[in-house]
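Visitor:
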Amino acid sequence: MTEDLEGSQWYDSEAGPLVRPYAMTGGRTKPGPTGVRFDLIALVTLDKGAPGVDEDSLLGPEHRALIDLCRTETQSVAELAAGADLPVGVVRVLLGDLLELGCVTISRPVPPAQLPDERILREVIDGLRAL
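The working numbering puts the first residue of the sequence shown at 498, with every later residue one more than the last.
#1: How many angstroms separate the CA atom of phenylalanine 535 from the CA atom of arginine 605?
#2: Considering only residues of the same chain and omitting the five flanking positions on each side of alanine 578, which have a CB-CB separation below 6 Å?
#3: Pick out whichever of Val607, Leu566 and Leu612 has its Cα sitting closest to the Cα of valine 601.
#4: With a threshold of 6 Å on Cβ separation, who are the neighbours of alanine 575 within its own chain once the five nearest residues in sequence on each side are excluded?
#5: Give the straight-line distance between the Cα atoms of methionine 498 and aspartate 594, rounded to the nearest whole angstrom.
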């Protein structure tokens, strides 16, 4: 099969091995049995004391790549997808696995309905300037 692809315009020797996204997630399209949804701007933090973070046998290479990206700083789901060069859907499924293992924590964004009104913030700023 590789010989057929080598002459193709979509494949060259620098592309490396081709792995379909469903192979990375074991055919799953949703993260975990709980069905947790990860927003693109949800922040992912590595839980360094969690079991399984340094156990290479339990995690696949894509899981380890996400953990390595989170080691230095907290990153959003979108940043992890870009850094790992993986589709966002795959990253969401892999993060679901890491969340179930307790390797990462997710900070969800505040819904717009719970954010303070811009008018109130402007009044506070104007009041502070008046001091």
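Idealized CB from N, CA, C, for every residue including glycine.
Guide: Considering the structure as presented:
#1: Approximately 8 Å between the Cα atoms of the pair.
#2: Val585 and Val588, listed in sequence order.
#3: Of all alpha-carbon atoms in Val607, Leu566 and Leu612, the one lying nearest the alpha-carbon of valine 601 is that of Leu566.
#4: Leu537
#5: Because methionine 498 carries a pLDDT of 47, less than 50, the predicted location of this residue cannot be relied on, and the following value inherits that uncertainty. One C-alpha to the other measures close to 32 Å.
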